[in-house]
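If you read the sequences in order, they're chains A and B. Remember, our numbering sits 3 above the position in the first sequence when you count from 1. Remember, our numbering sits 16 above the position in the second sequence when you count from 1. Built from N, CA and C at the ideal position, the CB exists for glycine as well.
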Amino acid sequence: MPENGPRNVLEVRGLRRAFGAVRAVDDVSFALPEAGSLGVVGESGSGKTTTARIVVGLERADEGEVLVRGRSRTGRGRTGGRAARLARAREVQMVFQDPYLSLDPRTGVEAALRETLRLHFPGRDHARRVRELLDQVGLGTRAADALPRQLSGGQRQRVAIARALAVEPAVLVLDEAVAALDVSVQAQILNLLADIREQTGIGYLFITHDLGVVRCVTDEIVVMRHGAVVEQGRTQEVLTAPGHPYTRLLLESVPRPGWDPQAIAAARRALQGVSAK
Amino acid sequence: MNPTQPVPTLDIQGLKITLPGTARPVLDGVDLTVRAGETVALVGESGSGKSLTSRSALRLLPPGAVVEGAVRVGGEDVLAMDADRLCGVRAGSVAMVFQDPRAAVNPLRRIGDFLTESVTLTGATSRTDATARAVELLGAVGLDESVLRKYPGQVSGGMLQRVVIAAALMGDPVLLLADEPTTALDVTSQAEVIALLATLRERFGTGLLFVTHDLDLAAAISDRVHVMYAGRIVETGPAEDLFARPRHPYTAALLASTPRMEGPRGRLAAIEGQPPDLREPLHGCAFATRCPLATEVCDQRAPLPAAAPGRPEHRAACHHSDLLEGSAVDA
Chain A
4 MPENGPRNVL EVRGLRRAFG AVRAVDDVSF ALPEAGSLGV VGESGSGKTT
54 TARIVVGLER ADEGEVLVRG RSRTGRGRTG GRAARLARAR EVQMVFQDPY
104 LSLDPRTGVE AALRETLRLH FPGRDHARRV RELLDQVGLG TRAADALPRQ
154 LSGGQRQRVA IARALAVEPA VLVLDEAVAA LDVSVQAQIL NLLADIREQT
204 GIGYLFITHD LGVVRCVTDE IVVMRHGAVV EQGRTQEVLT APGHPYTRLL
254 LESVPRPGWD PQAIAAARRA LQGVSAK
Chain B
17 MNPTQPVPTL DIQGLKITLP GTARPVLDGV DLTVRAGETV ALVGESGSGK
67 SLTSRSALRL LPPGAVVEGA VRVGGEDVLA MDADRLCGVR AGSVAMVFQD
117 PRAAVNPLRR IGDFLTESVT LTGATSRTDA TARAVELLGA VGLDESVLRK
167 YPGQVSGGML QRVVIAAALM GDPVLLLADE PTTALDVTSQ AEVIALLATL
217 RERFGTGLLF VTHDLDLAAA ISDRVHVMYA GRIVETGPAE DLFARPRHPY
267 TAALLASTPR MEGPRGRLAA IEGQPPDLRE PLHGCAFATR CPLATEVCDQ
317 RAPLPAAAPG RPEHRAACHH SDLLEGSAVD A
């Protein structure tokens, strides 16, 4: 593929997905540069999670393409078979909001990591890699034997991140991955994610509704509403000079001193009125 | 506090709750007041005891809890009253709004039934009157009466939370306990719900205890803020003052670890370590092991709340409050 500038580790082109009459994802395109961090923001029903699930491969697209390192993961390029499926899993990994639901309650931390490694890299020495991964996410050897319920929310999310990193993916999709955590723990995980990106050059696709988080951890941002992209660009620029009224509404909705919820509520209704016509 | 003032809506004094199998109290000497028409925010992280504190106003306590202190609603001690009176408090004077509206309603019953059941069940109100009241309150929360015939699954989360707030107001409560009422909502719906709560507070004079983990939200909406850590109120004061000039290192650290729309980007000042385990006794300050200012005295003696010089309303329980003042802690 002839391309100038930095290579895109992930590219999404003209993605569409309808559930009945609802156009959940409506012509969504964006690109994530190598070692970049892209935030997808929007409210419930904006299509951000469906987009993420299509990128990961948990959902199928009606139209459009998802490319990782220039190779298509969707449509005609998609072949069946176990090996192909595992190869796709090694490209993109996902971390969910609630690590309690994404970890098997009966499997210990070390065993969970070992299982993933055995599936993807049979016949290698996993003990060292497990230690390496635990170390990378800041979990001690004491946590290694623990069951998910014996860990705190932050520790569980570290386990989920370690398991996602185990296959050395090119892209990590984080779907509200820090939303359920306490502020102080959230800060630890966000810092950890920043360190991992610096060390490994992994790309992040951050799905979130929290603009403070987006500002802190992403280089670029895509704002979605009703399944479509309403604005995209450099995070810093979009957040300081939003071009779309919906982006402005989102920004104004973030609580701060002197915040006027009445005005936001009015602006919200006005915007809904406009788009309903 | 001024003795000439009327009886506070909610007055918690020296509340101490001990649960079986723990080495220290889950709540340890909590003092908190909410006056009529006032919004008080209770801020803290998971396990700090903020929800337990708010639930104590309804005497919703975990099994086996040993309780000391007083929790007065309109001057009456909820902890000491008999079952009949308590039933009256729960049905009328104190109402609660929870985080997840979907978990607070029965999905198989129409919203109209959900709204009216609390007042018709006690026999205090007829069905017709209850429905009329429900329609009025739905209007107050910005919904029309067509909602009455709908099922919870047919409305959005923001709409359902407004329904739950309307339901909470059916019994004309003097005190509304809102436990993370907007956490499950989108930011723009959050603004709607907050605007609504503010209007209702002005209109009905309801006292509001707002439990949240969101410091910025607490600062934006409340008159006074209490910050909790490991079962203790570590700092309390007028919202603006407390956030501009925190006098407890925990408050300062929380402020610094929140990703914001202003200020520098990049790495956050995370608080290392974890809150103390309930299974281990506490001898000194609960925050000492994570605190950058901690000295020997912090491990030995639990600090008592003390007022800031010249600001009696702003109190912090820290041996080193004066070191924080004036330093660039809110960076």
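A distance below 8 Å between beta-carbons, with the five flanking residues on each side excluded, links B:Ala214 to the following residues of its chain, in chain order: Thr55, Ile237. Within the stretch 226–250 of chain B, the residues whose Cβ lies closer than 9 Å to any Cβ of chain A are, in chain order, His229, Asp230, Leu231, Asp232, Leu233, Ala234, Ala235, Ala236, Ile237. For the pair B:Arg281 and A:Arg218, the CB atoms are nearer than the 8 Å cut-off. About 4 Å separates the Cβ atoms of A:Asn11 and A:Ala34, confirming a contact at the 8 Å cut-off.
Within the model, the alpha-carbon separation for B:Arg71 versus B:Val87 is close to 10 Å.
In this structure, the beta-carbon distance from B:Arg327 to B:Asp257 falls below 8 Å. Neighbourhood of A:Ser187 in chain B, by CB distance below 8 Å: Glu61, Ala269, Leu270, Ser273, Ala286, Ile287, in chain order. When A:Ala130, A:Asp65, A:Val186, A:Arg272 are compared, the shortest CA-CA separation from B:Thr274 is found for A:Val186.
Residue pairing from DSSP leaves B:Glu218 without any beta-bridge partner. Annotated three-state conformation of B:Ile237 is helix, per DSSP.
Counting the other CB atoms within 10 Å of its CB gives B:Val82 a total below 16, which places it among the exposed residues.
The count of Cβ pairs closer than 8 Å, one atom from the stretch 39–47 of chain B and one from the stretch 204–211 of chain B, stays below three, leaving the stretches out of contact. For A:Glu68, the three-state secondary structure derived from DSSP is strand. For A:Arg131, not one C-beta of chain B is nearer than 8 Å to its own C-beta. The shortest CA-to-CA distance from B:Gln29 to any of B:Glu92, B:Arg40, B:Gly63 is the one to B:Glu92. Taking a cut-off of 8 Å for Cβ pairs, the stretch 92–111 of chain A and the stretch 54–68 of chain A touch, as three or more such pairs fall below it. Secondary structure note for B:Met175: its alpha helix (DSSP H) is the uninterrupted segment 173–185.
The DSSP-derived three-state label of A:Gly206 is strand. Chain order gives the chain A residues near B:Ile210 as Pro264, where near means a beta carbon separation below 7 Å.
Counting only residues of its own chain and dropping the five nearest sequence neighbours on each side, B:Phe114 has a CB closer than 7 Å to the CB of Ala120, Asp195. By the beta-carbon neighbour count (other beta carbons within 10 angstroms, threshold 16), B:Cys314 is buried. Under the Cβ criterion (8 Å, minimum of three pairs), the stretch 59–69 of chain B counts as touching the stretch 242–260 of chain B. Assigned with DSSP and collapsed to three states, A:Ala180 falls in coil, not helix or strand.
Using a Cβ-Cβ cut-off of 8 Å, B:Val121 does not count as an interface residue toward chain A, since no Cβ of chain A sits closer than that to its own. At a beta-carbon threshold of 8 Å, the residues of chain B lying near A:Asn194 are Arg283, Leu284, Ala286, ordered along the chain. Between B:Gln316 and chain A, the shortest Cβ-Cβ separation is not below 8 Å. Counting only residues of its own chain and dropping the five nearest sequence neighbours on each side, B:Leu294 has a CB closer than 6 Å to the CB of Thr38.
Contact fails between the stretch 11–25 of chain A and the stretch 152–166 of chain A, because fewer than three Cβ pairs, one in each stretch, are under 8 Å apart. DSSP, reduced to helix, strand and coil, places B:Phe259 within a helical segment of the structure shown.
In this structure, the straight-line span from the alpha carbon of B:Leu191 to that of A:Leu116 is close to 49 Å.
Non-local C-beta neighbours of B:Leu339 in its own chain, meaning closer than 8 Å and more than five positions away in sequence, comprise Leu309, ordered along the chain. For a Cβ distance threshold of 9 Å, residue set Asp232, Thr274, Pro275, Arg276, Met277 of chain B lies close to A:Gly215, ordered along the chain.
Per DSSP, A:Gly84 is not a residue of any beta strand (DSSP E), being assigned neither H nor E. For B:Leu271, the three-state secondary structure derived from DSSP is helix. Residue pairing of B:His242 in beta bridges, as defined by DSSP: B:Leu58, B:Thr252. If you draw a straight line from the Cα of B:Phe226 to the Cα of B:Arg143, it is about 31 Å long.
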